[in-house]
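One structure is given here, and the rest of the page talks about it.
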Amino acid sequence: VTDRSDDRPLVWVPFSAEELGPVPEELEVATVDLTRDVPDTVDRVRFLVPEYGFEFGVFDLLGRMPRLEVVQVQFAGVESVRGKVPEGVTLCNGRGVHDASTAELALTLTLASLRGIPGYTRLQDQQRWERSWRPALADRTVLVVGHGSIGQAIEERLRPFEANVVPVARTARPGVRGVEELPELLPDADVVILILPLTEDSRGLFDAEMIARMRPGALLVNVARGAVVDTDALVAACQEGRIGAALDVVDPEPLPPGHPLWTTPGVLLTPHVGGASSAIRPRALRLVREQLRRYAAGEPLLNVVSGAY
Ligand SMILES: NC(=O)c1ccc[n+]([C@@H]2O[C@H](COP(=O)([O-])OP(=O)(O)OC[C@H]3O[C@@H](n4cnc5c(N)ncnc54)[C@H](OP(=O)(O)O)[C@@H]3O)[C@@H](O)[C@H]2O)c1
């Protein structure tokens, strides 16, 4: 029996062989749970797919992988790991994997906030039957800031609710407004959904001045990254009752006990769970299967992170 394991590129994945299904025969694919132990073959790994949610510790291991060529992460926003990828190693992100899951959460946060679900949940705890009139999503103007993979999925899901959707991206194009137009667009928006990457340009984009441009009573939904918004300015605007907020991501994370965001009226919080749903794994598997096919065939990989991405 010829042992081919030494000459085929070694791929570590967090998926079982059964889940992943057939893989290109040019590759040696091993299921590895890096949260438990690091196999001795660590110095032979060429293609690494870390487990979702455990990627951060894994980046400290890369120095032990001299033959590493590709790291395929399952999350989309790679701002905190880019600097940890060694020179010459290609980083691919999970663009597409999160579209359904995060778009669903954006809609959930928007609808729940508009229709007052957090308040009704508190009333339910007290067994109180108290009706109130609330803004509907129908007929509202919704700015979707970031019109990439997830932003488009959010737009598609907003349209059947009869909302007037205005997509905004870094670069203006037909049907999409440019980010420099935000100051003029904000006063007319009832809901602003943030779904852009955290980059040097977007850090602090929603500062006190930008928040002040928002229409009184408007809702800011952040499913992007906490640091796109100036937290102190947001807390101040919400405490004054000028705007409301629904936040899956905050700055800092995790939000420490006692932070004013926990108790500010009109703020709905979820603990960065945009991707924490059943929708992720099947989509991550689809992406990894396609990446392995391309890698084995010598074709360009998808989702290669470069520039401001
Ligand atoms: N809450 C969660 O759990 C969760 C889950 C997944 C992802 N995310 C966050 O969502 C982000 C977007 O993911 P994606 O897969 O949709 O990314 P994507 O496909 O790369 O799209 C990014 C979009 O943002 C726009 N953009 C970039 N910089 C901008 C700026 N300074 N101002 C305005 N727009 C800007 C881009 O504009 P152009 O089209 O003009 O280039 C593009 O439309 C990720 O980076 C991540 O931080 C959060």
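Residue numbering for the sequence shown follows the working numbering, beginning at 15 and increasing consecutively. Note that beta-carbon positions come from the ideal geometry of N, C-alpha and C, so glycine has one too.
Express the C-alpha separation of residue j and residue i in angstroms, rounding to a whole number.
i, j, result
"residue 27", "residue 302", "9 Å"
"residue 164", "residue 266", "23 Å"
"residue 173", "residue 148", "20 Å"
"residue 255", "residue 229", "12 Å"
"residue 75", "residue 309", "22 Å"
"residue 86", "residue 270", "31 Å"
"residue 63", "residue 321", "22 Å"
"residue 167", "residue 261", "18 Å"
"residue 16", "residue 38", "Any answer about residue 16 is weak, because its pLDDT of 49 lies below 50 and its placement is not dependable; what the coordinates show is given next. Rounded to the nearest angstrom, the two C-alpha atoms are 18 Å apart."
"residue 89", "residue 21", "30 Å"
"residue 290", "residue 226", "32 Å"
"residue 220", "residue 245", "9 Å"
"residue 44", "residue 31", "8 Å"
"residue 107", "residue 101", "17 Å"
"residue 110", "residue 132", "30 Å"
"residue 250", "residue 126", "22 Å"
"residue 183", "residue 189", "10 Å"
"residue 325", "residue 276", "Look at the range of the chain in this structure, 15 to 323, and you will see that residue 325 is not part of it."
"residue 307", "residue 268", "37 Å"
"residue 304", "residue 144", "52 Å"
"residue 142", "residue 129", "17 Å"
"residue 94", "residue 154", "35 Å"
"residue 72", "residue 150", "44 Å"
"residue 11", "residue 179", "The shown model of the chain, from 15 to 323, leaves out residue 11, and the question about it has no answer."
"residue 216", "residue 40", "42 Å"
"residue 34", "residue 300", "9 Å"
"residue 252", "residue 185", "30 Å"
"residue 312", "residue 214", "33 Å"
"residue 140", "residue 231", "27 Å"
"residue 51", "residue 285", "28 Å"
"residue 58", "residue 292", "32 Å"
"residue 42", "residue 99", "23 Å"
"residue 296", "residue 323", "24 Å"
"residue 274", "residue 80", "46 Å"
"residue 138", "residue 224", "36 Å"
"residue 114", "residue 175", "17 Å"
"residue 243", "residue 187", "25 Å"
"residue 29", "residue 70", "18 Å"
Does the separation of the CB atoms of residue i and residue j fall below 8 Å?
i, j, result
"residue 91", "residue 234", "no"
"residue 48", "residue 68", "yes"
"residue 209", "residue 159", "yes"
"residue 222", "residue 259", "no"
"residue 181", "residue 169", "yes"
"residue 66", "residue 298", "yes"
"residue 287", "residue 119", "yes"
"residue 116", "residue 237", "yes"
"residue 319", "residue 136", "no"
"residue 263", "residue 239", "yes"
"residue 84", "residue 315", "yes"
"residue 46", "residue 36", "no"
Assuming residue i contacts residue j (C-beta within less than 8 Å), just tell me the rounded distance between them.
i, j, result
"residue 294", "residue 161", "About 22 Å separates the two Cβ atoms, so there is no contact after all."
"residue 105", "residue 60", "At roughly 14 Å, the Cβ-Cβ gap does not stay under 8 Å, so residue 105 and residue 60 are not in contact."
"residue 152", "residue 177", "7 Å"
"residue 124", "residue 257", "Wrong, their Cβ atoms sit about 14 Å apart, outside the cutoff."
"residue 218", "residue 241", "7 Å"
"residue 78", "residue 56", "5 Å"
Distance cutoff 8 Å, beta carbons only. Does residue i sit that close to anything in chain C?
i, result
"residue 35", "Chain labels in this structure do not include chain C; a single protein chain is all it has."
Check whether the region 193-202 touches the region 261-281, counting contact only when three or more Cβ pairs, one atom from each stretch, lie closer than 8 Å.
-> no
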